[in-house]
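K.L.:
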Amino acid sequence: MHSISLALTLCSCLLLTACAGTGDLGRLERDQQVASTFETLTVLPGHRYYAFGPEAEPDAVVAIEESLTWSSRYWNAIEPTPRFLADWQRQLASNPLRQRTPPFGAVILAPDGRRVGAWYGWPEFVVVQFPAENQILIYPPEPTHLQRMTIFEGGESAQ
């Protein structure tokens, strides 16, 4: 019994120390102005664009300040043209699952609160990390409820 208690205590300590090192994490903050930027097909100057998900219908698109080094292999670099954004909007509008819940816009914030990019899409549970100075890493988003519904209904996941 004593060994179980000791093991649980050690696991708890490890978990707490692992969580303590979160000083390099950024976050998303919902912002209607960002949503409007994407919806009006405005390309942000001084930003590089990346998409996550199927090429024809990404789950999310991010615009990252050019001053940052991008280090995610899960996202694809895209050419941010108004035509790409218009085609994406049209495809989203024709997908009945996507019509149930509109995408949202968010500001991408660095750990110090600095605005470093913009987010537009569905997945809300995202880890934004800054592993080194001027470097950003956005992990694959959690599957959205839309993706889970597609899987449940016998379709394929968008990931």
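The numbers in this note's numbering rise by one with no breaks, and the one at position 76 of the sequence shown is 73. Glycine included, every Cβ here is placed at the ideal spot set by N, Cα and C.
1) Would you kindly work out how many angstroms separate the C-alpha atoms of Y47 and S91, rounded to a whole number?
2) Who are the Cβ neighbours of W116 in its own chain at under 6 Å, not counting the five residues just before and after it?
3) With DSSP run on the structure shown, which of helix, strand or coil describes L65?
4) If E63 sits next to R45, beta carbons under 8 Å apart, how far is it from one beta carbon to the other, in whole angstroms?
5) How long is the line joining the alpha carbons of E76 and V123, rounded to whole angstroms?
6) Please return the same chain residues whose Cβ sits closer than 7 Å to the Cβ of A107, not counting the five positions on each side in sequence.
7) What residue does the alpha helix (DSSP H) around R87 start on, and which one ends it?
8) Given this structure, state the Cα-to-Cα distance separating Y71 from P100, to the nearest angstrom.
P.N.:
From the atom records:
1) 22 Å
2) L25, V59, A103 and I105
3) coil
4) 6 Å
5) 23 Å
6) G23, V113 and F127
7) P79 to S91
8) 20 Å
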